[in-house]
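J.: Input: one structure, supplied below.
Written out as structure tokens, the structure reads:
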């Protein structure tokens, strides 16, 4: 049996909705400033990626759990979703996913609120996780799951 309050550390999650990309970016940049992250103009080896999805008339942000927890504090009624991957033999392939609604459980932490079910998979693990995060968010705001605009924001916490 799964622990419903199990920590969601070292995983990505998606949080939203923001009314538009501008307000989502403002919240993200505010967290960057507070946490000492540096926004990068391009992808660099070892950098982190935040993904902003335009879903219908709202925006959602997928990133590491600490960043998502911080961003959730910026929203009046945040919805947070996460995907737990069941790995195949290769270690990079997903054979299934478990879907969760998450909740903030501290300033920089997330925990499981409820299990939303599972699905079989047969593809790259990261691709499966990001796809299911986006799909859960789209369903929440009744947006088409296949009409998505993506913006990637690259960042690093290295000040040097």
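Residue numbers (the working numbering): -13 to 146.
We put the beta carbon where it would ideally sit given N, CA and C, even for glycine.
(1) Looking at C-alpha atoms only, which residue of 86, 142 and 36 is the closest neighbour of residue 101?
(2) With a threshold of 8 Å, are at least 3 pairs of Cβ atoms found where one atom belongs to the stretch 8 to 16 and the other to the stretch 113 to 124?
(3) According to DSSP, is residue 128 part of a helix, a strand, or is it coil?
(4) To the nearest angstrom, how far is it from the Cα of residue 114 to the Cα of residue 20?
(5) Measure the CB-CB distance between residue 93 and residue 0 and report whether it falls below 7 Å.
(6) Does the stretch 68 to 81 come into contact with the stretch 42 to 49, if we say contact requires no fewer than three beta-carbon pairs (one atom in each stretch) closer than 8 Å?
(7) Residue 33 by DSSP, collapsed to three states: which one?
(8) Who are the near neighbours of residue 111 in its chain, counting only those whose CB is closer than 7 Å to its CB and skipping five residues on each side?
(9) Count the other CB atoms within 10 Å of the CB of residue 106; is the residue buried (16 or more) or exposed (fewer)?
(10) Let me check one thing: in DSSP terms, what residues is residue -2 bridge-paired to?
(11) Would you decide whether residue 136 is buried or exposed? Buried here means 16 or more other CB atoms lie within 10 Å of its CB.
(12) In whole angstroms, what separates the C-alpha of residue 134 from that of residue 63?
(13) Taking only three categories from DSSP, how would you classify residue 61?
(14) Run through the DSSP bridge pairs and tell me what residue 44 is partnered with.
T.: In terms of the structure at hand:
(1) 86
(2) no
(3) coil
(4) 31 Å
(5) no
(6) no
(7) coil
(8) Correct list, in chain order: 71, 73, 78, 79 and 80.
(9) exposed
(10) 50
(11) exposed
(12) 22 Å
(13) coil
(14) DSSP output for residue 44 lists 41 as bridge partner(s).
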